[in-house]
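Peer 1:
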Amino acid sequence: MGLSPRPEPNFTELSGDEPWITTKLDAFVNWGRKNSLWPMPFGTACCAIEFMAAAASKYDIARFGMERQAFSPRQADLLICAGRVPFKLAPVLRRIWQQMPQPKWCISMGACASTGGMFDNYAVVQGIDSIIPVDVYVPGCPPRPEGLLYGIMMLQRKVGNERMSDKSLRNEMEPDPSSQLYIPPSVIDEISEPFGNSVHQTRSGL
Amino acid sequence: MSSDSTSFSPVIAGSALGSNAAAPATPKNVAHRGGALNPTVDAIRAQFAGAVLRADVVWGETTVVVDRARVHDVIRWLHDDPSQAYNYLSDVTAVEFRDLEQPIEVVWHLRSLPYRRFIRLKVLIEKGTPMDVPSVWDIYKGADWLERECYDMFGITFRGHPDLRRLLMWEQYKEGYPLRKDFPLRGRFSRSEQLRQALAANPEARYSKEELSIADAFEDLPADMRRRLDTGERTGE
Amino acid sequence: MATTKRTVEVSLSTTGLDAQGRPQRVPLVVDEAGNTVALEAPPGMEDEPDLSGDHMLINIGPQHPATHGVLRLVLELDGETVVRCIPHIGYLHCGFEKIGEYRQYNQIIPWTDREDYLNSPGNNVAFALGAERLFGIEITERCKVLRVMACEMSRIISHLVWLGTTCIDIGAFTPFLWAFQQREKIYEMLEAWIGARLTTSLTRVGGMGADIPDDFIPKLSAFVNTFPKVVDEIDRVITRNGIWVGRTVGLGVMSPDEAINYGLSGPMGRASGVAFDVRKDFPYLDYETYDFDVPVGTNGDVYDRFLVRMEELRQSTRILEQTIKRLPDGPVNVDDHRVILPPKSRATSDMESMIHHFKQVMEGPRPPIGEAYLAVESPKGEKGYYMVSDGSSKPVRWRIRPPSFVNLSAIPAMVEGHLLSDVIAINASIDIVMGEIDR
């Protein structure tokens, strides 16, 4: 997002003499993780219907190791936030994210979850990345099931490239000011500013 | 709540019209002003002298502006009188105009299913006068949430409503009444402040006093917490 | 040891049975230090403790798979019986009505997609009809038939989602897959028509966003021919199924008088014996010329609501058959320069057309001062759009009358006295869409 530079991974650079067993173990663990992601659908609005279509017979999300949908955050490792998130729901989403055990990932499905979308008003959070960290943004309003599947495949690639020795991937939870997740209020205001056509539409008239 | 099939007498729309009445048809070429007035208006005028301030037909729908003090009596009579039988409440809402001098209108949309009639009742609330109108919850149970929503969005008090709390926004929402014209589209606070206030809420612990009383947990709370709950506040803030 | 009223009971599987043949239980209490410890059972405490006065508080939602969205229900339980139900909504309040006051009439149509997102084409039609009433426009005959087609297709896809999710709630997974297979067929048709699957934005004020493509009618005919067989199949699996009947019959009963007093409409009201369908009683789009029946229930329980919706699937298919037969040729959009853009070729060659084009794009169409409430029969009930114009290009007030909002407000009356597991079935039978309830 260009907010604060992500800290450098705090493991030593690969120099070709990394222990063989660590790299192979990484590959093995990641292979297991990426092919058995358990999604927790946090479905609020229209995108949840397209998520259901993706889970149904024609698109069949089970082909990607997601046969088991976890409706309890404590048994899930992928949060799919499908739909708009109003301010009243923001603490709920934050709580659900905190209830999920590590390792965990998040897909922000649809324009509303990613940026607030067309709901540039008093009630809607302008992007869930101001509440929880997001790994993959899937654009669309709502995204087609193929789009969601592509996002899932992108996440699988990301999961496949993680390294256990990179502690910065897992070591934080709370977005307190000292952590890399913290977004200062001025930045939240800045990224929530109206842009493009919406300036004309909202500032004209009243 | 009884499933006794003998007491199950269906309500049939159009039942009061008789079998030789014309079947309802899609309105065609509706005039802007001056269509046929709903006969109910004359009945209200005859029953409540002076209660009807204005009645006109806009796009084929009859709008009756009623005196604020007598609107409850009028609706009660429309519901109870068998010659009117307005037994179905479609909607309760309010309208504020961009011209801030114009009064706020509270609108009731009523349907009489036996006579297949539709009428719109309005009450005008002049700016500067107290924003309260009588609740019709005792006539139509369906008005419960509609009135709560209207209170939430416009700040109009419905006198006689049993549980007039905010419905859509959370109860500690501090920015005001969103659908009022002096409320900016993006709210009064900055995005970061809105987010901070929203995240400060504890969703798992947000119960009202009433709900905690169910679990007998209310008495176990510290005294200051109970006092705050008594004033309508909720836990978890 | 301090004891509180909130005792927690656990069943210990190894301690054998008590005199009544029930597993022996040890009550747990919370001591001063906050630890959960077992209460020393007094000698001879084999009997079940009397808990009849203790009520429990159960919170369902806001994120729960069986609440069909972000609904929160706080239930007071006596044992497993619901004594009181306090619903909380607003977790999906997105300010539709406020944002509508800042948009021109045609610009509002994308918002109508997203408010009852199972019934997007039907909402588009309802909004366009309301706006046309406000502008005083009579649409063309072909447009009317196309809109009926859109309404009935969206009724089918909405009822199919209801069927699938309710079956999952009650324990059957297969009908969900069947229902979504059929939905995909309609999705494909809608996508060929307007370019979107779910959020269609199908209509414009005075016409449609697009005419149907060439191969649309053959596809729709094929669907209309095969769909009743699928409904029959689902019917065979569920309607006489012992589990389904056992979990739906006699639940959430609303008598006709209660139903009309609570303002229930649509399948909810009709299952309770309120024979009211906006299509029949306050018709629009020439619905009075179509031949279809309105099913009315005789018991007002969850099972009747299911039967009413199944029958509506068949009746919608009947209406679709008639639309295919009567679809006339002719223009789709009205010839009204206030709302419909002139063709591009004329806008670039003809001065007057260019001015109309410019005024529409820059200022937007302006209806006369007035107001209109137009209700349609959405799959959930009476859906109304109330628009007030002050003569400018944006409405002063755009009010949505949400049917499932009013239907859901009756849930305390329906669930009280039933078991906790029946709350799920009753809640599912209302067919709630939180996007429409919270707006």
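Listed in order, the protein sequences are those of chains A, B and C.
Going by our numbering, the first sequence opens with residue 1319, and the numbers climb by one from there.
Going by our numbering, the second sequence opens with residue 21, and the numbers climb by one from there.
Going by our numbering, the third sequence opens with residue 7, and the numbers climb by one from there.
Glycine included, C-beta positions come from ideal geometry on N, C-alpha and C.
As the structure is a prediction and not an experimental result, all values here were calculated from the model.
Quick check: what's the CA-CA separation for residue 143(C) versus residue 212(C)?
Peer 2: The straight-line gap from Cα to Cα measures roughly 7 Å.
Peer 1: Is residue 52(C) helix, strand or coil when you go by DSSP?
Peer 2: For residue 52(C), the predicted model reports a pLDDT of 49, less than 50, meaning its position is unreliable; a value from the coordinates is still stated below. Coil at residue 52(C), not helix or strand.
Peer 1: Along the chain, where does the beta strand (DSSP E) that runs through residue 179(B) open and close?
Peer 2: Note, residue 179(B): beta strand (DSSP E), 177-179.
Peer 1: Can you tell me whether DSSP reads residue 1360(A) as helix, strand or coil?
Peer 2: The answer is strand: DSSP assigns residue 1360(A) an E or B state.
Peer 1: Please confirm if the segment 378-395 of chain C is in contact with the segment 236-245 of chain C, defined as three or more CB-CB distances below 8 Å between the two stretches.
Peer 2: Counting Cβ pairs under 8 Å, fewer than three are found: no touch.
Peer 1: Which class does residue 161(B) belong to by DSSP, given the choice of helix, strand or coil?
Peer 2: Residue 161(B) falls in the coil class under three-state DSSP.
Peer 1: Taking the alpha-carbon positions, what's the residue 52(C) to residue 38(C) distance?
Peer 2: Residue confidence is low: residue 52(C) scores 49 on pLDDT, short of 50, so the model does not pin down where it sits. No coordinate-derived value is stated.
Peer 1: Given residue 3(C), which residues of its chain have a CB within under 7 Å of its CB, disregarding the five upstream and five downstream residues?
Peer 2: Residue coverage of chain C in this structure runs from 7 to 445, which leaves residue 3(C) outside it and unanswerable.
Peer 1: List, in order along the chain, the chain C residues whose C-beta lies closer than 9 Å to that of residue 1402(A)?
Peer 2: Simply 98, 100, 120, 441.
Peer 1: Tell me where the alpha helix (DSSP H) around residue 83(B) begins and ends.
Peer 2: Segment 81-86 is the beta strand (DSSP E) holding residue 83(B); no alpha helix (DSSP H) there.
Peer 1: Return the residues of the segment 36-49 of chain B that lie within a Cβ-Cβ distance of less than 9 Å from chain C, sorted by chain order.
Peer 2: Cβ contacts with chain C: 43, 44, 45, 46, 47, 48, 49.
Peer 1: Reducing DSSP to helix, strand and coil, say where residue 1373(A) ends up.
Peer 2: Note: residue 1373(A) maps to helix in three-state DSSP.
Peer 1: Please confirm whether residue 206(B) has its beta-carbon closer than 8 Å to some beta-carbon of chain A.
Peer 2: Output row for residue 206(B): interface = yes.
Peer 1: Cutting at 6 Å between CB atoms, please list the residues of its own chain near residue 1352(A), excluding the five before and the five after it.
Peer 2: Result list for residue 1352(A): 1474, 1477, 1478, in chain order.
Peer 1: In angstroms, rounded to a whole number, what distance separates the CA positions of residue 337(C) and residue 79(B)?
Peer 2: Taking the straight line from one Cα to the other gives about 25 Å.
Peer 1: Would you decide whether residue 40(B) is buried or exposed? Buried here means 16 or more other CB atoms lie within 10 Å of its CB.
Peer 2: Residue 40(B) is exposed by the Cβ-count criterion.
Peer 1: Touch check for the segment 171-183 of chain B and the segment 88-95 of chain C: three-plus C-beta pairs under 8 Å?
Peer 2: Too few Cβ pairs lie closer than 8 Å, so no.
Peer 1: Return helix, strand or coil for residue 379(C), following the three-state DSSP convention.
Peer 2: Correct three-state label for residue 379(C): strand.
Peer 1: Provide the residue span of the beta strand (DSSP E) that contains residue 138(B), from first to last.
Peer 2: Segment 137-145, the beta strand (DSSP E) holding residue 138(B).
Peer 1: Please confirm if residue 1355(A) has its CB atom under 8 Å from at least one CB of chain C.
Peer 2: No, because no Cβ of chain C sits closer than 8 Å to the Cβ of residue 1355(A).
Peer 1: Return the first residue and the last residue of the alpha helix (DSSP H) that residue 6(C) is part of.
Peer 2: Chain C is shown only over 7 to 445; residue 6(C) falls outside these bounds and no answer can be derived.
Peer 1: Taking only beta-carbon atoms, is residue 211(B) less than 8 Å away from chain A?
Peer 2: Closer than 8 Å: yes.
Peer 1: Report the residue from 253(C), 207(C), 342(C) whose alpha carbon sits nearest the alpha carbon of residue 125(C).
Peer 2: Among 253(C), 207(C), 342(C), the Cα nearest to that of residue 125(C) belongs to 207(C).
Peer 1: Spell out the partners DSSP gives residue 384(C) in its beta bridges.
Peer 2: Beta-bridge pairing links residue 384(C) to 387(C).
Peer 1: Does any C-beta atom of chain B lie closer than 8 Å to the C-beta of residue 1409(A)?
Peer 2: It does; some Cβ of chain B falls within 8 Å.
Peer 1: Quick one: does residue 1362(A) have its CB under 8 Å from some CB of chain C?
Peer 2: Interface residue, yes.
Peer 1: When you compare the CB of residue 107(B) with every CB in chain C, is at least one pair closer than 8 Å?
Peer 2: Answer yes: the Cβ-Cβ gap between residue 107(B) and chain C drops below 8 Å somewhere.
Peer 1: Ignore the nearest five residues each way along the sequence and tell me which others in residue 120(C)'s own chain have a CB closer than 7 Å to its CB.
Peer 2: So the qualifying residues of the chain are 205, 441.
Peer 1: Who are the neighbours of residue 114(B) on chain A, taking C-beta pairs under 7 Å?
Peer 2: The premise fails here: residue 114(B) is roughly 17 Å from chain A at the closest Cβ pair, so nothing lies under 7 Å.
Peer 1: Going by DSSP, name the residue or residues bridged to residue 214(C).
Peer 2: Per DSSP, 209(C).
Peer 1: Is there contact here, the segment 116-129 of chain B with the segment 189-205 of chain B, by at least three beta-carbon pairs under 8 Å?
Peer 2: Yes, they touch.
Peer 1: Hey, is residue 1481(A)'s beta-carbon within less than 8 Å of any beta-carbon in chain B?
Peer 2: Output row for residue 1481(A): interface = no.
Peer 1: Counting only the same chain and skipping the five closest in sequence on each side, list residues whose C-beta sits under 6 Å from that of residue 65(C).
Peer 2: Closer than 6 Å at the Cβ level, and outside the excluded window around residue 65(C), lie 80.
Peer 1: So residue 1456(A) and residue 1449(A) are in contact, right, with Cβ under 8 Å, and what is the actual spacing, rounded?
Peer 2: Contact flag wrong, Cβ pair sits at about 17 Å.
Peer 1: Any idea what DSSP makes of residue 1353(A), helix, strand or coil?
Peer 2: Note: residue 1353(A) maps to coil in three-state DSSP.
Peer 1: Are there 16 or more other CB atoms within 10 angstroms of the CB of residue 361(C), so buried, or fewer, so exposed?
Peer 2: Its Cβ having fewer than 16 others within 10 Å, residue 361(C) is exposed.
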